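A.B. asks:
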Amino acid sequence: KGAVRFENVVFSYEPARPILKGVSFDVPAGHTVAIVGPSGAGKSTISRLLFRFYDVSSGRILIDNQDIRDVTQVSLRSAIGMVPQDTVLFNDTLRYNIRYGRWDATDAEVEEAARLAQIDAFIRLSPKGYETEVGERGLKLSGGEKQRVAIARTILKAPPILVLDEATSALDSHTEKEIQDALDRVSRGRTTLVIAHRLSTIVHADEIIVLESGRIAERGTHHQLLARN
Ligand code: ADP
Ligand code: ADP
373 KGAVRFENVV FSYEPARPIL KGVSFDVPAG HTVAIVGPSG AGKSTISRLL
423 FRFYDVSSGR ILIDNQDIRD VTQVSLRSAI GMVPQDTVLF NDTLRYNIRY
473 GRWDATDAEV EEAARLAQID AFIRLSPKGY ETEVGERGLK LSGGEKQRVA
523 IARTILKAPP ILVLDEATSA LDSHTEKEIQ DALDRVSRGR TTLVIAHRLS
573 TIVHADEIIV LESGRIAERG THHQLLARN
């Protein structure tokens with residue numbers, strides 16, 4: 373479940389200024405596809421279209437062979453999980469922030485997600501544990517810690533489709549490596565779209581698509597792209 377297909381997608385924010393100029397690719401269920409390319413190429417636009425923040429100008433986006441324009445916003449939101457570049461936490465407890473959107477999850481499930489995202493040790497060190505207040509009015513977390521909270525939330529949500537939009541680009545290289553490992557674990561077995569500006573941060577993609585000025589310039593495995601360039 374969770375196969376994604378872009379079929380000849382054309383999109384412009386403003387008339388007469390196409391940003392995506394006929395983009396087609398498949399992410400088979402359970403596979404990982406990475407979109408790389410220079411800033412401004414249209415990479416984030418691809419994720420915004422998948423979430424239907426905007427509709428395509430022409431072409432189609434399909435999830436499990438269904439046009440996303442025929443899917444309700446609620447089921448689209450529950451099908452797709454996103455780990456953004458900068459995670460903004462709610463002014464509430466760590467437990468609330470991890471559980472967000474999965475209000476039926478038990479405490480044990482929240483704690484298991486925290487363990488998989490490797491924040492359980494950090495949480496136990498805080499005097500109030502899972503009840504520690506975070507965000508602007510509470511404990512200030514580092515960029516890496518916030519990303520781990522976002523990852524724990526995503527693990528708990530367990531969406532069939534995962535979008536990682538520059539999820540580690542705001543972190544220093546040591547933290548980036550650790551978070552990358554956690555993200556690799558989350559994405560395993562899920563349909564994953566990774567958006568990155570550097571090829572070096574992507575290790576486990578089944579296919580890499582190089583986007584330049586709204587067109588696919590190259591595609592292949594990591595190995596094939598390195599051999600060609
Ligand atoms: P990337 O993620 O590859 O850096 P984006 O998809 O964010 O690129 O942006 C692609 C192009 O679309 C850029 O030229 C950007 O200026 C433009 N763009 C992005 N968002 C909007 C918007 N809301 N309105 C108009 N142009 C936009
Ligand atoms: P980021 O890539 O850091 O997440 P955004 O996705 O918001 O930033 O924007 C990507 C690019 O699109 C930036 O170059 C930004 O200046 C441009 N952009 C964003 N919104 C608009 C807009 N409404 N009109 C024109 N350009 C925009």
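The numbering of the sequence shown is UniProt numbering, which starts it at 373 and goes up by one. All C-beta atoms, glycine included, are put in the ideal place defined by N, C-alpha and C. The structure displayed is predicted, hence computed values, not measured ones.
Identify every run of the beta strand (DSSP E) within the segment 378-445, keeping only runs that are complete inside it and at least 3 residues long; order them along the chain.
C.D. replies: Here the runs fully enclosed are 390-399, 404-408 and 430-435.
A.B. asks: Comparing the CB of residue 316 with every heavy atom of ligand 1, is any distance shorter than 6 Å?
C.D. replies: Residue 316 lies beyond the range of the chain shown here (373 to 601); nothing can be said about it.
A.B. asks: Expressed to the nearest angstrom, what Euclidean distance is found between the alpha-carbon atoms of Glu-550 and Glu-517?
C.D. replies: Taking the straight line from one Cα to the other gives about 11 Å.
A.B. asks: State the start and end residues of the unbroken beta strand (DSSP E) segment that holds Asp-590.
C.D. replies: The question names Asp, but residue 590 in the sequence shown is Glu. Run containing Glu-590: 587-592, per the beta strand (DSSP E) assignment.
A.B. asks: Do Pro-400 and Ile-452 have their C-beta atoms closer together than 7 Å?
C.D. replies: Contact: no.
A.B. asks: Can you tell me where the beta strand (DSSP E) holding Thr-526 begins and where it ends?
C.D. replies: That residue, Thr-526, is in no beta strand (DSSP E); its alpha helix (DSSP H) goes 515-529.
A.B. asks: Tell me whether Val-535 sits in a helix, a strand or coil according to DSSP, three-state version.
C.D. replies: Val-535 falls in the strand class under three-state DSSP.
A.B. asks: Relative to the C-alpha of Arg-467, which residue among Ala-522, Thr-564, Asn-437 and Asn-380 is closest?
C.D. replies: Of the listed residues, the one whose Cα sits closest to Arg-467 is Ala-522.
A.B. asks: Does ligand 1 have even one heavy atom less than 6 Å from the beta-carbon of Ile-391?
C.D. replies: Checking the Cβ of Ile-391 against ligand 1 gives yes.
A.B. asks: Could you give the C-beta distance for Leu-583 and Ala-589, rounded to a whole number, given that I count them as a contact under 8 Å?
C.D. replies: The pair is a contact, with the Cβ atoms about 7 Å apart (cut-off 8 Å).
A.B. asks: To which residues does DSSP link Glu-505 through a beta bridge?
C.D. replies: According to DSSP, which records beta bridges pairwise, Glu-505 is partnered with Thr-465.
A.B. asks: Measuring only the C-alpha atoms, how far is Arg-562 from Lys-529?
C.D. replies: Each residue's alpha carbon lies about 12 Å from the other.
A.B. asks: How should Tyr-502 be labelled, buried or exposed, when 16 other C-beta atoms within 10 angstroms of its C-beta is the threshold for buried?
C.D. replies: Its Cβ being crowded by 16 or more others within 10 Å, Tyr-502 is buried.
A.B. asks: Taking the alpha carbon of Gly-394 as the point to measure from, which residue in Gly-402, Arg-449, Ala-406 and Glu-379 has its own alpha carbon closest?
C.D. replies: Among Gly-402, Arg-449, Ala-406 and Glu-379, the Cα nearest to that of Gly-394 belongs to Glu-379.
A.B. asks: Is Ala-577 near Ala-406, with beta carbons less than 7 Å apart?
C.D. replies: Contact: yes.
A.B. asks: Are the beta-carbon atoms of Ala-480 and Ile-527 separated by less than 7 Å?
C.D. replies: Their beta carbons are not under 7 Å apart, which means Ala-480 does not touch Ile-527 by this criterion.
A.B. asks: In the structure shown, what three-state DSSP assignment does Leu-597 receive?
C.D. replies: Leu-597 falls in the helix class under three-state DSSP.
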